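All remarks here apply to the structure that follows.
There are 2 protein chains.
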Amino acid sequence: MADAPPLQIGLAGFGNVGAGVYKNLVRNRALLKQRTGRDIVVRRIAVRDPAKPRAHALPPDIVTTRLDDLVEDPEIDIVVELIGGTDRALDLVREAIKRDKTVVTGNKALLAEHGLELFALAEAHRTPIYFEAAVAGGIPIIKTVQESLIGNNIQSIHGIINGTSNYILTRMTEAGLSYGEALDEAQQLGYAEADPALDVNGWDAAHKAIILASLSYGCWVKTSDIFVEGIERITGADILFANQLGYVIKLLGVIRLLPGTGSIEVRVQPSLVPRDHILASVKGVYNAILIHGDVVGETLFYGPGAGQDPTSSSVIADIADAAMWEVQAGERNGGFVTHGLYGNPLPVDESVSKYYLRLQVRDEPGVLAQIARTLGDHGIGILSVIQPEEHEEESAPIVLTLHFAAFGVVRAAVGEIASLECVRALPVLMRVESFTA
Amino acid sequence: MADAPPLQIGLAGFGNVGAGVYKNLVRNRALLKQRTGRDIVVRRIAVRDPAKPRAHALPPDIVTTRLDDLVEDPEIDIVVELIGGTDRALDLVREAIKRDKTVVTGNKALLAEHGLELFALAEAHRTPIYFEAAVAGGIPIIKTVQESLIGNNIQSIHGIINGTSNYILTRMTEAGLSYGEALDEAQQLGYAEADPALDVNGWDAAHKAIILASLSYGCWVKTSDIFVEGIERITGADILFANQLGYVIKLLGVIRLLPGTGSIEVRVQPSLVPRDHILASVKGVYNAILIHGDVVGETLFYGPGAGQDPTSSSVIADIADAAMWEVQAGERNGGFVTHGLYGNPLPVDESVSKYYLRLQVRDEPGVLAQIARTLGDHGIGILSVIQPEEHEEESAPIVLTLHFAAFGVVRAAVGEIASLECVRALPVLMRVESFTA
Numbered sequence: 001m002a003d004a005p006p007l008q009i010g011l012a013g014f015g016n017v018g019a020g021v022y023k024n025l026v027r028n029r030a031l032l033k034q035r036t037g038r039d040i041v042v043r044r045i046a047v048r049d050p051a052k053p054r055a056h057a058l059p060p061d062i063v064t065t066r067l068d069d070l071v072e073d074p075e076i077d078i079v080v081e082l083i084g085g086t087d088r089a090l091d092l093v094r095e096a097i098k099r100d101k102t103v104v105t106g107n108k109a110l111l112a113e114h115g116l117e118l119f120a121l122a123e124a125h126r127t128p129i130y131f132e133a134a135v136a137g138g139i140p141i142i143k144t145v146q147e148s149l150i151g152n153n154i155q156s157i158h159g160i161i162n163g164t165s166n167y168i169l170t171r172m173t174e175a176g177l178s179y180g181e182a183l184d185e186a187q188q189l190g191y192a193e194a195d196p197a198l199d200v201n202g203w204d205a206a207h208k209a210i211i212l213a214s215l216s217y218g219c220w221v222k223t224s225d226i227f228v229e230g231i232e233r234i235t236g237a238d239i240l241f242a243n244q245l246g247y248v249i250k251l252l253g254v255i256r257l258l259p260g261t262g263s264i265e266v267r268v269q270p271s272l273v274p275r276d277h278i279l280a281s282v283k284g285v286y287n288a289i290l291i292h293g294d295v296v297g298e299t300l301f302y303g304p305g306a307g308q309d310p311t312s313s314s315v316i317a318d319i320a321d322a323a324m325w326e327v328q329a330g331e332r333n334g335g336f337v338t339h340g341l342y343g344n345p346l347p348v349d350e351s352v353s354k355y356y357l358r359l360q361v362r363d364e365p366g367v368l369a370q371i372a373r374t375l376g377d378h379g380i381g382i383l384s385v386i387q388p389e390e391h392e393e394e395s396a397p398i399v400l401t402l403h404f405a406a407f408g409v410v411r412a413a414v415g416e417i418a419s420l421e422c423v424r425a426l427p428v429l430m431r432v433e434s435f436t437a
Numbered sequence: 438m439a440d441a442p443p444l445q446i447g448l449a450g451f452g453n454v455g456a457g458v459y460k461n462l463v464r465n466r467a468l469l470k471q472r473t474g475r476d477i478v479v480r481r482i483a484v485r486d487p488a489k490p491r492a493h494a495l496p497p498d499i500v501t502t503r504l505d506d507l508v509e510d511p512e513i514d515i516v517v518e519l520i521g522g523t524d525r526a527l528d529l530v531r532e533a534i535k536r537d538k539t540v541v542t543g544n545k546a547l548l549a550e551h552g553l554e555l556f557a558l559a560e561a562h563r564t565p566i567y568f569e570a571a572v573a574g575g576i577p578i579i580k581t582v583q584e585s586l587i588g589n590n591i592q593s594i595h596g597i598i599n600g601t602s603n604y605i606l607t608r609m610t611e612a613g614l615s616y617g618e619a620l621d622e623a624q625q626l627g628y629a630e631a632d633p634a635l636d637v638n639g640w641d642a643a644h645k646a647i648i649l650a651s652l653s654y655g656c657w658v659k660t661s662d663i664f665v666e667g668i669e670r671i672t673g674a675d676i677l678f679a680n681q682l683g684y685v686i687k688l689l690g691v692i693r694l695l696p697g698t699g700s701i702e703v704r705v706q707p708s709l710v711p712r713d714h715i716l717a718s719v720k721g722v723y724n725a726i727l728i729h730g731d732v733v734g735e736t737l738f739y740g741p742g743a744g745q746d747p748t749s750s751s752v753i754a755d756i757a758d759a760a761m762w763e764v765q766a767g768e769r770n771g772g773f774v775t776h777g778l779y780g781n782p783l784p785v786d787e788s789v790s791k792y793y794l795r796l797q798v799r800d801e802p803g804v805l806a807q808i809a810r811t812l813g814d815h816g817i818g819i820l821s822v823i824q825p826e827e828h829e830e831e832s833a834p835i836v837l838t839l840h841f842a843a844f845g846v847v848r849a850a851v852g853e854i855a856s857l858e859c860v861r862a863l864p865v866l867m868r869v870e871s872f873t874a
């Protein structure tokens, strides 16, 4: 292998992650050559605006503004797509595959929205797409699901897969900050974008959940198939009540194969996690993914879910994989296990769990009876009730935990409760996770 | 790939793990064929005594008592070595490599003691050895270090890599059991062997640490190079004092590259872990490995460290890797990164940390002064002292935590302290881990 030619990279994008990949490829070049047997060289970097001020300087002699320069250059073996978005990135990846170039991408939105098309194209061209960086930053969860757990039917995945949300919830829990204060802090520290919508509304996590679900079950889960809820409505009161009940609140991506039905449950929701569960100890911007497999049992993978260097680590691992095996072997499937359809998305209304329900009600006799009756009419059992003695004049919180029930039934009941005259604010409904496989 | 011939396995050993591999290969055969594109078939099983009663029945038509039948059969692609020990297993693996067969093994003692020879032989024959199951059961830590973190200089690894010890320490901590009671319980539950020596004396963890260190730094660490201490001397008092100081006690395998020196620290010792550190939440027979890489930062991998099914999951992942890539590509290095020597083992006496020291002393004036003077004479700073008011007649415990110091210096000081007339029992010395990379 000492005589193998250098592996030539065409890098699209030189933002936070792109610059990190370049920096770390240069820094650890000798190490990577020792380990892979090949010299890995960035041949071309495409950026939209070379004049833009940057934290890491662009190497001027290899810069271009044309993405086509990457795919048209026959010397480029691998196109590394780190421009983000789903327009120019989609064109670039399509073109690269059509020219039989290996693709490495960290673009979760691109894969979640266009994965079906791109992997089919890659399969037809026998050209792999690598995407370790698309889910959970530095955590090697894609390789784990694709390769290390290959002998397993995946029974369930529970993931803390959005670092911004986890940072906000951690600070609300540990420092007693309000949602707004914690979000401000996350933005000041650079953990949240100027527009944090995709992070806090659950969709960043949802894109990752779609990729993990599709990978685990060999069918493509559509964005329209899944239920997504963010953390925007969580208050300090919810954090305190959850704590009183023995839980912490986490934004979880949950993927689960329902035994015997072939139905796959995929959802992102704020959820109550038992305080002594290992996922409860995942704090700040860290991510963690808990996987149950029918052979391995329970495993967990923890690490930085974002950031320049951690994400580079995953991109570089993909490049090294390409350097060592596929280019040399000359044959690989599209990088996504498309063989066989193992299940169908479960409508979220059929998904079953326990629940946390917080209501703000008028402080008068008979209120709890009305609420309990509504729940009873829908066949929903009450597990516990907290009604604090101290509260504001005329308005009091009531927190209930509810027994296992289908989400649709609970939503209907909560809808009715919300319309009761005694209920003074929009109810807050969360899952209480039981972590059964 | 649909027309690829079946991959034929020669399975050596049908004990707990061997039977699990057979059972799960049969159970998930269709799934594995979908995912790898190849049918994976066990062609021959070699056992010492076919008549022995077994939990999982041997398939009689493919059984042999000759290990040679596996290596002599030209139809067998992969020899899976699960007989354990370092005698017959060594001969089998050597022979298999010489005949250019791929080897899959879960034998940590074999690799820790003969890895240098075996990987050199494998390299010469361009035949891979896979060994995911040799470290941490179902946790895919070998692939993670070899592939996912390939772009990283590994700065440190801290692992809970012996489930039996972790079970015993967990039960001592959570249920207040004595060491003996917890060990009995572990044996009754099948978590500890009838002879638990290798588990509780630290050597099972040490074999795994040797493999991880060698893999991380590309040089071979010898058993004589490392320092190993077990949990046999930990008492309930240590658990309580550690708790009072804000720590839990864990048996840690620690591997660390000392910046700027090229020295590698490798040791297995009971260590104090801060109560809110993620490793403190790893309980019972679970294992976890915390890795610091210069690019990725901090990552952790958690799961079942032993057991029939989890270990099978890793063996089957290795078999699937062989099925998909190497057999087809026809070329691979020996499975161990031998390129380059990144460092040298650090003598344990030079390794630096904070410490916990528990002494049993005569209850008389001036004792603490004598101890403090001895420590001071060696230049060792005292961080805290606990001297409980209640204690037995004439004999009192003193617990000290000591500032960062070289282990050799601390050992010398503690040796002097042990010989003081006022000290009535062998001192208990543990590391307080700081988890710096």
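One line per chain: the protein sequences are Y and U, in this order.
Numbering of the first sequence is given in the numbering used here, commencing with residue 1 and proceeding in unit increments.
Numbering of the second sequence is given in the numbering used here, commencing with residue 438 and proceeding in unit increments.
Ideal placement from N, C-alpha and C gives every residue a C-beta, glycine not left out.
Remember, it's a predicted structure, so these values are computed and weren't measured experimentally.
Item, Value
"Which listed residue (Y:66, Y:239 and Y:145) has its alpha carbon closest to that of residue 154 of chain Y", "Y:145"
"Check whether residue 666 of chain U and residue 639 of chain U have beta carbons under 8 Å apart", "yes"
"Contact list for the region 728 to 751 of chain U against chain Y, Cβ threshold 7 Å", "730, 732, 733, 734, 735, 736, 737, 738, 739, 740, 741, 746, 747, 749 and 750"
"Within-8 Å CB hit, residue 4 of chain Y to chain U", "no"
"Top-ranked residue by Cα proximity to residue 152 of chain Y, from U:708, U:872 and U:748", "U:748"
"Cβ distance (whole Å) where residue 129 of chain Y is taken to contact residue 103 of chain Y below 8 Å", "5 Å"
"Cβ neighbours of residue 851 of chain U in the same chain (closer than 7 Å, five flanking residues each side left out)", "794, 864 and 866"
"Beta strand (DSSP E) runs contained entirely in the region 630 to 697 of chain U, provided each spans 3 or more residues", "684 to 695"
"Opening and closing residue of the alpha helix (DSSP H) in which residue 362 of chain Y lies", "Careful: residue 362 of chain Y lies outside any alpha helix (DSSP H), inside the beta strand (DSSP E) at 352 to 362."
"Closest residue to residue 441 of chain Y among Y:385, Y:363, Y:147 and Y:364 (Cα-Cα distance)", "In the structure as shown, chain Y begins at 1 and stops at 437. Residue 441 of chain Y is therefore absent and cannot be evaluated."
"Under the three-state DSSP convention, the category residue 370 of chain Y falls into", "helix"
"Cβ pair residue 649 of chain U, residue 692 of chain U closer than 8 Å", "yes"
"Limits of the beta strand (DSSP E) - the one that residue 287 of chain Y falls within", "286 to 293"
"Range of the contiguous beta strand (DSSP E) that encloses residue 838 of chain U", "832 to 843"
"Bridge-paired residues (DSSP) for residue 301 of chain Y", "Y:289 and U:738"
"Close Cβ partners of residue 241 of chain Y (< 7 Å) along its chain, the five nearest in sequence each way excluded", "358, 386 and 399"
"Neighbour-count burial assignment, residue 633 of chain U, 16 or more Cβ in a 10 Å radius", "buried"
"Beta carbon proximity, residue 108 of chain Y to chain U, threshold 8 Å", "no"
"Residue 395 of chain Y classed as buried or exposed, judged by whether at least 16 other C-beta atoms fall within 10 angstroms", "exposed"
"Residue 317 of chain Y at chain U interface by Cβ criterion, 8 Å", "yes"
"Candidates U:559, U:465, U:551 and U:445: closest to residue 512 of chain U by CA position", "U:445"
"Neighbour flag for residue 327 of chain Y against chain U, beta carbons, 8 Å", "Any answer about residue 327 of chain Y is weak, because its pLDDT of 43 lies below 50 and its placement is not dependable; what the coordinates show is given next. No - not a single Cβ of chain U is within 8 Å of the one on residue 327 of chain Y."
"Short Cβ contact (8 Å threshold) for residue 668 of chain U with residue 602 of chain U", "yes"
"Residue 781 of chain U in three-state terms, based on DSSP", "strand"
"Secondary structure of residue 106 of chain Y, DSSP reduced to three states", "coil"
"Host beta strand (DSSP E) of residue 824 of chain U (start-end)", "First-last for residue 824 of chain U: undefined, no H or E at that position."
"Counted within 10 angstroms of its Cβ, other Cβ atoms place residue 620 of chain U as buried (16 or more) or exposed", "buried"
"Proximity winner among U:611, U:462, U:450 and U:696, relative to residue 673 of chain U (alpha-carbon distances)", "U:611"
"The region 50 to 69 of chain Y in contact with the region 348 to 357 of chain Y per 3-pair CB rule at 8 Å", "no"
"For residue 490 of chain U and residue 298 of chain Y, believed in contact at Cβ under 8 Å, the rounded distance", "So it is not a contact: roughly 31 Å between Cβ atoms."
"Residues bridged to residue 707 of chain U (per DSSP)", "U:688"
"Residues bridged to residue 700 of chain U [DSSP beta-bridge criterion]", "U:695 and U:781"
"Under 8 Å (Cβ pairs) to chain U, residues found in the region 136 to 164 of chain Y", "138, 139, 140, 143, 144, 147, 148, 149, 150, 151, 152 and 153"
"Under 8 Å between C-beta atoms of residue 302 of chain Y and residue 163 of chain Y", "no"
"Cα-Cα separation, residue 122 of chain Y to residue 91 of chain Y", "14 Å"
"Alpha carbon of residue 431 of chain Y to alpha carbon of residue 521 of chain U, nearest angstrom", "46 Å"
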